[in-house]
Structure formats: C-alpha cells, structure tokens
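The structure under discussion appears below in the form of structure tokens.
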Amino acid sequence: MSSSPSPARAADPADADPTAEAAGLAELAARHGLAPSGKRPPFGRYLKQLWHHRHFIDTFARARASAKYSRANLGRLWEVGTPLLNAAVYYLIFGLLLQTDRGVEDFIPFLVTGVFVFTFTQQTVLSGVRAVSGNLGLIRALHFPRAALPIALALVQMRQMLVTMGVLFVIVVATGQLPQWNWFLVVPVLALQSLFNTGLSLVFARAGAKVSDLAQLMPFVLRTWMYASGVMYSIEVMAAGAPAPVRFVLDVNPAAVFIDLMRFSLIDSFTASQLPPYAWWVAAAWALAALVGGFVYFWKAEESYGRD
Amino acid sequence: MAATDQATATAQAAATAEARSDPAGVPSDLGEPTVIADGLHVVYRVRGAAGRSGGGGPAALMRALTRRKGSGGARRVHAVKGVSFVARRGEAIGVIGSNGSGKSTLLRAVAGLIPPESGQVYTNGQPSLLGVNAALMNDLPGERNVVLGCLAMGMTPAEVRERYDDIVEFSGINDKGDFISLPMRTYSSGMAARLRFAIAAARDHDVLMIDEALATGDRAFRKRSEKRIKELREKAGTVFLVSHSNKTIRDTCDRALWMERGELVMDGPASEVVDAYEADNAD
Chain A
7 MSSSPSPARA ADPADADPTA EAAGLAELAA RHGLAPSGKR PPFGRYLKQL WHHRHFIDTF
67 ARARASAKYS RANLGRLWEV GTPLLNAAVY YLIFGLLLQT DRGVEDFIPF LVTGVFVFTF
127 TQQTVLSGVR AVSGNLGLIR ALHFPRAALP IALALVQMRQ MLVTMGVLFV IVVATGQLPQ
187 WNWFLVVPVL ALQSLFNTGL SLVFARAGAK VSDLAQLMPF VLRTWMYASG VMYSIEVMAA
247 GAPAPVRFVL DVNPAAVFID LMRFSLIDSF TASQLPPYAW WVAAAWALAA LVGGFVYFWK
307 AEESYGRD
Chain B
56 MAATDQATAT AQAAATAEAR SDPAGVPSDL GEPTVIADGL HVVYRVRGAA GRSGGGGPAA
116 LMRALTRRKG SGGARRVHAV KGVSFVARRG EAIGVIGSNG SGKSTLLRAV AGLIPPESGQ
176 VYTNGQPSLL GVNAALMNDL PGERNVVLGC LAMGMTPAEV RERYDDIVEF SGINDKGDFI
236 SLPMRTYSSG MAARLRFAIA AARDHDVLMI DEALATGDRA FRKRSEKRIK ELREKAGTVF
296 LVSHSNKTIR DTCDRALWME RGELVMDGPA SEVVDAYEAD NAD
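As given, the protein sequences belong to chains A and B, one line each in that order.
Position in the first sequence (from 1) plus 6 gives the number in the numbering used here.
Position in the second sequence (from 1) plus 55 gives the number in the numbering used here.
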C-alpha cells in the first residue's frame, strides 16, 4: 500500500517542537471542555445517573421476568410452581428421608422458610454473576450506568420473592400457624435482605465480568453456604457444643441471620431466645455493608465493563 | 510506526485544528471540537489464541498451571497506531479502509469502550457507537427493545411514548406486517440492524458513530437514514460513519479518514480521500 499525499500533511509543521504540539491537542481539548472518553463519573454523579435511569431499571426487570418463562407452556405460573416444588423436594429429602428435624418444632414451616429465604439470596447472586457478562450486547450498544443491570436483576428476584412469600404464608397457615401482628416483622426482614442482596449482586457482577469461570463455580460455593446456614437443621441444636469461634461465625452468617429473623416473624414456636445475639443489628450491618461496599466496588470498574 | 512519525502526525492534527478556525480564534463555519484523538494507540490482548485449543480438560488444566505470569498466553494485536485528529460540530466524517485496518477499533476507542494503550481520546459528552453486531435483547419483542433502548439512552417514559411510533415507522419493521411484536431473534439481520439504528437515531447525540449499520438496509431505508444523519449534524452533532460503500461516504460525509494497518493514511475532504483510496485500490 502506498502512502498518498494528504492535505493534513501539507500543513507542514516540521519545524514545530513535537512535544509542544502533542500538548497542544490536550490543551485544545481542555480549552473546549472535552473530557477523556470512557472515564467513570464521580460517585455522586454516578448515583444521580442511576436515579435518572430508574425507569430503565424497572422496565428491564419486568422484561427479564417475563422473558424468563416465555418459552414455557405454563408461563408465569412457574413463579408459584418453582418455590412449591422446591419446598416439596427439600421436605422429601430432609424431613422424610434424612430426618434432620431433630429438636425442631413445626419442622415444615421451619424448613420451608429457610429454603425460601436462602433461595432469594442464592438466585440473586447467580443472576448477578451474569449481569454484566450476559448483557454485553446491551452494554456495547448503549451508554447507561452499568450498575443498572445488577440492580435490575436483584429487583427481578425481589418481585419473585413477593410471590414466594405468598406461597410461604399459605404453607405456614396450612401447617397450623395463625396470622399474628408479629407477621409484620417480615417487612423489615425482607427490606434488609433485599438491600443485602442488591449489594451482593453488584459485587458478583463485577467479579463475574472479570472472571468468567465464576459462573461455573458459584453454584458450588452457594450450596456450601446453604448447608452452613441452618436451612434444614437448627444451628442452635447442631452446634450446641461447637467452639466459640465456630459458633460466632455461624451466628453472624448473614444468610442464617435473615433465615432466623424470618422464622421468628412467622413461627410461634421459634422464640426470640433462638435468635443469634443482636440478630437485628447484625442484619442491618450486613445490609448496609453489602450495599455501600457493592456500589463502590462496582463503580470503581465502571469503565471496564464491556471491554474484551 | 516510529515515535517521531507519531509525534509529527499529532502535530499535523493540531495544526489542522488551528487552521480550521479563523485568526481571531473564533470558530469559523466549523463548530467547536467534539472529539480529539491525541496520538491514540490501541492494543488488543487476545486470549485463547492459536495453539491453545484442543487436548480437552486435562490439557487445558496443564496450560492453566504452567502459564507464565505477564504474557500469560495472550497475544497482542496492535490495532490502532498513533492516530490523531480533531472532529468538530456539524461534521460528518467517513472512515474508510480495507477490512482489518482498524476502523471499528478506532470508533470503539472513541466511544470509550476500549482503553487506549497510550495517547488519549477527548470527547464532548458521551459518544454513542452503533454497530451491526450490537444486539439488544433477542428474546424480547421489537417493541420492548424500542422502549428499553430509549430508556437506556436516558429518555423519560413520556418521551418514549411520544417517539415510539416514529421509531417504528422509521425502522420500517412493520412495512410487511406486524413484526414489531415478534421476538428480535426472529428478525433478519437487516431488520435488526434497521431497528437498532432507528432506536439510536431517535435521540440527538453530540457524537454518533455508525459502524456499517446502513449497509444492511434497503434503498428506502438508506434514504431515510441519510436524511436523519443530516438532521443530526444540523443539530450541532458530529457523525462518524464506517462504510465500505464509497458512494455512501461521498453522499453523506464532508470529511473522511483513511485507515490502513492501524495508521491514519489520509485525512481530508471526503471526495479527495475517497478518490485517493480508489486510486490505491485500482491495481
């Protein structure tokens, strides 16, 4: 390929000092208020942009929820069917076959509450891992604050959780619990867990964007977490003789805290004495730490999402 | 490219930039700068390049374990080598060059989607890149993609409602029946590209970059697109257009950049650059 004469080259700047001229372009940019492309905005402005995109977040979440079951015959009936089947399977294995109901009164509501509350966090993390890596088309086509994606996916799971809670109320009443004022405590529990989940979704969205193998790994990590969170057994009974440090870790485990708070809200026989120490404070601390940490951690890599 | 060459190219761009405003420093008929590329280099690191496939799981594990730090099995592709230019308001700039000459990479770097290896791109506002491969949400119907795309670009729900019909009409998706309510995965590539362009063109952009998106449309759509590009320019935006159609560049653009092997070969009035490009490709 031959180089052709160019009008730009005819300008003949041969006598100019190259470094001075290179600075000239940067200076020209500065004079006209041009900013380096692809730089992430300051944190405050980023949050403002996110707020501006709230309708996008909402519409994206609705679209994802309706697309999820769009190829299934029963469609959105699965939003009720999935938690029901989930509860049935866990009851079959842990209630009937393994009989982990040692020392637990009202085992069915105890187990089902545990399964549903943990599934909420589990599904949020799993969708968060793919929030960036699964939407590269959208990210590369349009500019919007990327945190909108993990937040929208967490919102999908929050709406699913509201449906799941309906199923849970039915199961709890069917197994002999009567509605009480105490039940209103599920509102703060769900709110704190939702904030916590959103934070986790942001953290794993960034991690999953960097390390694509994480999507393969996370199901195993989450299953391990579930078995350590007292979903199908009582930590209080099983870990009665555990050394203090182990007991401490089991007690501050956010999943266990949210599960126990939910049980405390719904089940008569689950009393305040069975809650881990300072359960409400621990839950609030986890929610705040995950949310703030998640936002900052995700925002720090804002300009890198969508690059290959 | 030698360092001095690169500096010279930078100097030329700066000189051109200054030559385009009148002596008083007030911009002439050309507007303010919207994009400034300053000695831009882009290097891709390609993982999973040749020689690393095959052998199945155990072999992959061995490679993962024996991989050295740093170079880590990634190959470096120097896609853009020291490009400098200044783009201004109201300009439509065609980018031409053979396949693999770095045109698309250049636009992606301007859009801030790839970090520069060295040098810098300065932009006014957020440039929007519209490529053929940019899929939206394939499982969703076209209508939901329109709404989502508009909201993602920062429109309010009221603005989306207001412009929805125009966008669908512009895209021509419904010309042959009610296709807008079908999932996007059922669209032909031409239909999908048209819809994406229609969505992106619904908003006024400071800088809009179009990567061969118009090539897929039929004649009527191309006419509408050219008209829309003119409107965008009149609203003081800058439009970049990558195309292999020299005619499109001549008709739509007033300036052209000729890229070859990652270098900016020529920058000038569209007709002159296209002439030179055609003369070079004649043999």
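All C-beta atoms in this analysis are idealised placements derived from N, C-alpha and C, irrespective of residue type, glycine included.
ask   = Between A/Ala248 and chain B, is there a C-beta pair that is closer than 7 Å?
value = Mapped onto the first sequence, residue 248 of chain A falls at position 242. No, A/Ala248 does not count as interfacial toward chain B.
request  = Alpha carbon to alpha carbon, how far is A/Gly205 from A/Phe124? Give it in angstroms, no decimals.
outcome  = Sequence index remark: in the first sequence, residue 124 of chain A carries index 118 (1-based). Sequence index remark: in the first sequence, residue 205 of chain A carries index 199 (1-based). Cα to Cα, the separation comes out at about 16 Å.
request  = Compute the distance between the beta-carbons of A/Arg46 and A/Glu242, then report whether it is under 7 Å.
outcome  = The residue you call residue 46 of chain A lines up with position 40 of the first sequence. The residue you call residue 242 of chain A lines up with position 236 of the first sequence. For A/Arg46 and A/Glu242, no; Cβs fall outside 7 Å.
message = Mapping the DSSP letters down to three states, classify B/Ser173 as helix, strand or coil.
response = Within the second sequence, numbered from 1, the residue matching residue 173 of chain B stands at position 118. B/Ser173 falls in the strand class under three-state DSSP.
query = Name the DSSP bridge partner or partners of B/His44?
reply = Because chain B here runs from 56 to 338, residue 44 of chain B falls outside it and cannot be looked at.
task = Kindly indicate which residue of B/Thr160, B/Arg143 and B/Asp273 has the alpha-carbon position closest to the one of B/Ile151.
result = Within the second sequence, residue 151 of chain B is the residue found at index 96, counting from 1. Residue B/Thr160 is the option with its Cα nearest to B/Ile151.
ask   = Looking at the C-beta of B/Ala257, does it have a partner C-beta in chain A at a distance below 7 Å?
value = Residue mapping note: residue 257 of chain B aligns to position 202 of the second sequence, counting from 1. By this cut-off, B/Ala257 is not an interface position.
ask   = Between B/Asn229 and chain A, is there a C-beta pair that is closer than 7 Å?
value = In the second sequence, the residue the question calls residue 229 of chain B occupies position 174. With 7 Å as the cut-off, B/Asn229 does not count as an interface residue toward chain A.
query = If you run the structure through DSSP and keep just helix, strand and coil, what is B/Leu206?
reply = The residue you call residue 206 of chain B lines up with position 151 of the second sequence. In the structure shown, B/Leu206 sits in a helix (DSSP, three-state: H, G or I).
query = For the region 289-299 of chain A against the region 196-213 of chain A, are there 3 or more C-beta pairs whose distance is under 8 Å?
reply = yes
ask   = Closest Cβ-Cβ distance between B/Ser326 and chain A: below 7 Å?
value = Taking the second sequence and counting its residues from 1, one reaches residue 326 of chain B at position 271. Not a single CB atom of chain A sits nearer than 7 Å to the CB of B/Ser326.
request  = Give a yes or no on whether the minimum CB-CB distance between A/Ser43 and chain C is below 7 Å.
outcome  = Any reference to chain C falls outside this structure, whose protein chains are A and B.
query = Under the rule that 16 or more other beta-carbon atoms within 10 Å means buried, what is A/Gly39, buried or exposed?
reply = Reading the first sequence from its first residue, position 33 is the one you call residue 39 of chain A. The residue is exposed, with fewer than 16 neighbouring Cβ atoms inside 10 Å.
Through-space distance from A/Asp107 to A/Phe113, alpha-carbon basis = The residue given as residue 113 of chain A occupies position 107 in the first sequence. The residue given as residue 107 of chain A occupies position 101 in the first sequence. One C-alpha to the other measures close to 6 Å.
ask   = Does DSSP put B/Ser156 in a helix, in a strand, or in coil?
value = For the purposes of this step, residue 156 of chain B is taken as residue 101 along the second sequence, with counting starting at 1. Of the three classes helix, strand and coil, the one that applies to B/Ser156 here is coil, per DSSP.
Local conformation of A/Ala36 per DSSP, three classes = Locating residue 36 of chain A in the first sequence gives position 30, counting from the first residue. Three-state result, A/Ala36: helix.
key: A/Glu85, buried or exposed, once every other Cβ within 10 Å from all chains shown has been counted against 16   = Along the first sequence, one-based indexing puts residue 85 of chain A at 79. Under this definition A/Glu85 is a buried residue.
task = Take the Cβ of B/Glu267 as the centre, count every other Cβ of all protein chains shown within 10 Å, and call the residue buried at 16 or more, exposed below.
result = Residue mapping note: residue 267 of chain B aligns to position 212 of the second sequence, counting from 1. Burial call: buried.
query = Taking Cβ to Cβ, would you say B/Pro212 is nearer than 7 Å to A/His61?
reply = Counted from its first residue, the second sequence places residue 212 of chain B at position 157. Counted from its first residue, the first sequence places residue 61 of chain A at position 55. Against a cut-off of 7 Å, the Cβ pair of A/His61 and B/Pro212 comes out as a contact.
query = Got a sec: is the Cβ-Cβ distance from B/Thr178 to anything in chain A below 7 Å?
reply = Locating residue 178 of chain B in the second sequence gives position 123, counting from the first residue. Yes, B/Thr178 counts as interfacial toward chain A.
inquiry  = Is B/Leu203 close to chain A? Criterion is C-beta to C-beta, closer than 7 Å.
reply    = In the second sequence, the residue the question calls residue 203 of chain B occupies position 148. When Cβ-Cβ separations below 7 Å define contact, B/Leu203 makes contact with chain A.
ask   = When burial is assigned at 16 or more other CB atoms within 10 Å of the CB, is A/Phe264 buried or exposed?
value = Position 258 of the first sequence, counted from the first residue, corresponds to residue 264 of chain A. Answer is buried; the Cβ neighbour count reaches 16.
query = Does the beta carbon of B/Ala275 come closer than 7 Å to any beta carbon on chain A?
reply = In the second sequence, the residue the question calls residue 275 of chain B occupies position 220. No, B/Ala275 does not count as interfacial toward chain A.
inquiry  = Could you compute how far the alpha carbon of B/Ala325 sits from the alpha carbon of A/Ile157?
reply    = As a first step, residue 325 of chain B is located in the second sequence; it is residue number 270 there, counting from the start. As a first step, residue 157 of chain A is located in the first sequence; it is residue number 151 there, counting from the start. Going from the Cα of B/Ala325 to the Cα of A/Ile157 covers about 45 Å.
message = For the structure I just gave you, are there three or more beta carbon pairs, one from the region 129-145 of chain A and one from the region 212-222 of chain A, closer than 8 Å?
response = yes
inquiry  = Can you pull the chain A neighbours of B/Asp194, defined as C-beta to C-beta under 7 Å?
reply    = Here residue 194 of chain B corresponds to residue number 139 of the second sequence, with the count starting at 1. Here the neighbours are Ala73 and Ser76.
task = Starting from the N-terminal side, write out each stretch of the alpha helix (DSSP H) that is 4 residues or longer and does not extend beyond the region 81-147 of chain A.
result = 84-96, 113-135 and 142-147
message = Below 8 Å on the Cβ atoms is my contact criterion, and I expect B/Val135 with B/Gly317 to pass it. Report the Cβ-Cβ distance as a whole number of Å.
response = Along the second sequence, read from residue 1 onward, the residue named residue 135 of chain B stands at position 80. Along the second sequence, read from residue 1 onward, the residue named residue 317 of chain B stands at position 262. Going by Cβ atoms, the distance from B/Val135 to B/Gly317 rounds to 5 Å, so yes, they are a contact pair.
task = Spatial neighbours of A/Val110 within its chain, please: CB distance less than 6 Å, with the 5 preceding and 5 following residues excluded, ordered by chain position.
result = Position 104 of the first sequence, counting from 1, holds the residue named residue 110 of chain A. Once the five neighbours on either side are set aside, the close Cβ partners of A/Val110 are Phe116 and Ser240.
key: Any beta strand (DSSP E) of 3 or more consecutive residues that is wholly inside the region 218-283 of chain B   = 262-266
request  = My understanding is that B/Met264 touches B/Leu184, with C-beta atoms under 8 Å, so please give their C-beta distance in whole angstroms.
outcome  = Locating residue 264 of chain B in the second sequence gives position 209, where the first residue counts as 1. Locating residue 184 of chain B in the second sequence gives position 129, where the first residue counts as 1. Contact flag correct, Cβ pair sits at about 5 Å.
query = Hey, B/Ile228 and B/Leu250 are a contact pair by Cβ (cut 8 Å); roughly how many whole angstroms apart?
reply = Position 173 of the second sequence holds residue 228 of chain B. Position 195 of the second sequence holds residue 250 of chain B. Confirmed, about 6 Å.
ask   = Can the beta-carbon of B/Val202 be found closer than 7 Å to that of B/Val223?
value = For the purposes of this step, residue 202 of chain B is identified with residue 147 of the second sequence, where counting begins at 1. For the purposes of this step, residue 223 of chain B is identified with residue 168 of the second sequence, where counting begins at 1. The answer is no: Cβ separation not under 7 Å.
request  = Answer with buried or exposed for A/Trp305, where buried requires no fewer than 16 other C-beta atoms within 10 angstroms of its C-beta.
outcome  = Counting from one through the first sequence, the residue named residue 305 of chain A turns up at place 299. That one is buried.
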